[in-house]
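**Student:** One structure, as structure tokens, below. Some questions next.
2 protein chains.
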Amino acid sequence: MPVTSDTGLDQFRKSIDNLDAALIHLLAERFRLTKQVGQHKAERGLPASDPEREQRQVARLRAMALAAELDPEFAERFIRFVIEEVIRHHERLKQAAAE
Amino acid sequence: MPVTSDTGLDQFRKSIDNLDAALIHLLAERFRLTKQVGQHKAERGLPASDPEREQRQVARLRAMALAAELDPEFAERFIRFVIEEVIRHHERLKQAAAE
């Protein structure tokens, strides 16, 4: 194996790359599901966003982050970032269904 | 099992909640690793950010997103969102090491 200038950093980066691949694939699957939710909502004329559900999601993930020693503020910003994207998709579907 | 008003939506939401739990735990693990990277960099006086590495990460994850039918623009915004947080952490560590 060739000796790199900073093998320690390289090893960390390989693990980070593996985690990122997992994150991207889980996000892909999450959007597959929310796409179905969007169609389901559009067909029934349900609103694109559901603030009560969002509050429960945020509270649950903040608690989960704390237990896993992840900054709960970051966890909240992350889930809000994802939910905003989902709502944008739902609104587009709703508009398409209404046309 | 009680019949809810919208069982289809409930089933989707349970799957989404499971994926979110997985996402939060992977992010927790990712920050455990980047914390070690930050210490490693601070000890060696290496810069907190590495734009070339970031470019490679963005390109790799965009390609991965495309293959998994996730919007590559979203994938890029996601990884930049995570990297920004990591750099903030690294800068704090660097400052602490310099004090």
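These protein sequence lines are chains L and Y, in that order.
At position 69 of the first sequence (counting the first as 1) the number is 125 in the numbering used here, and the numbers step up by one without a gap.
At position 62 of the second sequence (counting the first as 1) the number is 118 in the numbering used here, and the numbers step up by one without a gap.
Backbone N, C-alpha and C define an ideal beta-carbon position, used for all residues, glycine too.
(1) Looking at chain Y, is there any beta carbon in it that lies within less than 8 Å of the beta carbon of LEU89 (chain L)?
(2) If contacts are defined as beta-carbon pairs under 8 Å, then ILE72 (chain Y) and LEU89 (chain L) qualify, I think. What distance do you get, rounded to the angstrom?
(3) Determine the chain Y residues that contact SER71 (chain L) at a beta-carbon separation under 8 Å, and present them in chain order.
(4) Within its chain, find whatever has a CB closer than 8 Å to the CB of ALA153 (chain L); leave out the 5 residues flanking it on each side and keep chain order.
(5) Does the contact criterion of 3 or more C-beta pairs under 8 Å hold for the region 123-143 of chain L versus the region 120-139 of chain Y?
(6) In chain Y, which residues lie with their C-beta within 7 Å of the C-beta of ILE80 (chain L)?
(7) Using 8 Å as the threshold, is the C-beta distance between ALA84 (chain Y) and GLU125 (chain L) below it?
(8) Can you pull the chain Y neighbours of ARG86 (chain L), defined as C-beta to C-beta under 7 Å?
(9) Counting only runs of 3+ residues fully inside the region 69-131 of chain L, write out the beta strand (DSSP E) ranges in chain order.
(10) Going by C-alpha to C-alpha distance, which of L:GLU147, L:VAL142 and L:ASP62 sits closest to GLY101 (chain Y)?
**Tutor:** Let me lay it out:
(1) yes
(2) Your pair ILE72 (chain Y) and LEU89 (chain L) checks out as a contact, with CB atoms roughly 5 Å apart and the cut at 8 Å.
(3) LEU89
(4) ALA98 and GLU99
(5) yes
(6) LEU117, MET120, ALA121, ALA124, LEU126 and ALA131
(7) yes
(8) ILE72 and LEU75
(9) none
(10) L:ASP62
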